[in-house]
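Counted the way our numbering counts, the sequence shown spans residues 6 to 136. The C-beta atom is built at its ideal place from N, Cα and C for all residues, glycine as well.
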Amino acid sequence: MDINNLALDQKKMRDGVWRKHPLAPDARVRVRLRGCKQAREWWAENAPREGTFENGVKIDAEWLALECLARVYLTDWEGWTDGGEPVPFSHDVASEWVHAPSLEQWANVTMGLCDDAELYRQKKAKEAGKS
């Protein structure tokens, strides 16, 4: 097998890949792959916050993982509304949504979309006719 068929597109690694969202067939998110360089840098900078309190909120590992989803892994979205009004993407709104207890399922499913590195590689190989 040609090793180049396994190489990931660096632009997509940097900007993210568009994924249909399983909870909303008319909406999609653009996510970076888990373990990307930007996430490693974010964790190096933010891990020391664990165990602190900020604005009355205890910063624990789960909070940090969700915040990394909002600040790093999510890079855009389309088709999401709030009360029927379109919601343009912003990291601040993403942060509100991932930490909202009522949106826990959305946050978990969205985080799962970041784990699709192998599916992305398979799609790239298929597009190259090397499936």
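- Note: D87 is bridge-paired with E90 in the DSSP secondary-structure output.
- Of P53, L28, A49, K63, the smallest CA-CA separation from Q110 is found for L28.
- Within the same chain, W23, R24, K25, H26, W82, E83, G84 come within 8 Å of R33 by CB-CB distance, once the 5 residues on both sides are set aside.
- Short of 7 Å from the beta carbon of E72, and not among the five residues preceding or following it, lie these beta carbons of its own chain, in chain order: S100.
- Residue environment: R19 is assigned as exposed (fewer than 16 neighbouring CB atoms within 10 Å of its CB, all protein chains considered).
- Shown here, E55 sits in coil according to DSSP, grouped into three states, outside any helix or strand.
- In the same chain as R45, and ignoring 5 residues on each side of it, no C-beta atom comes closer than 6 Å to its own.
- Assigned with DSSP and collapsed to three states, R45 falls in helix.
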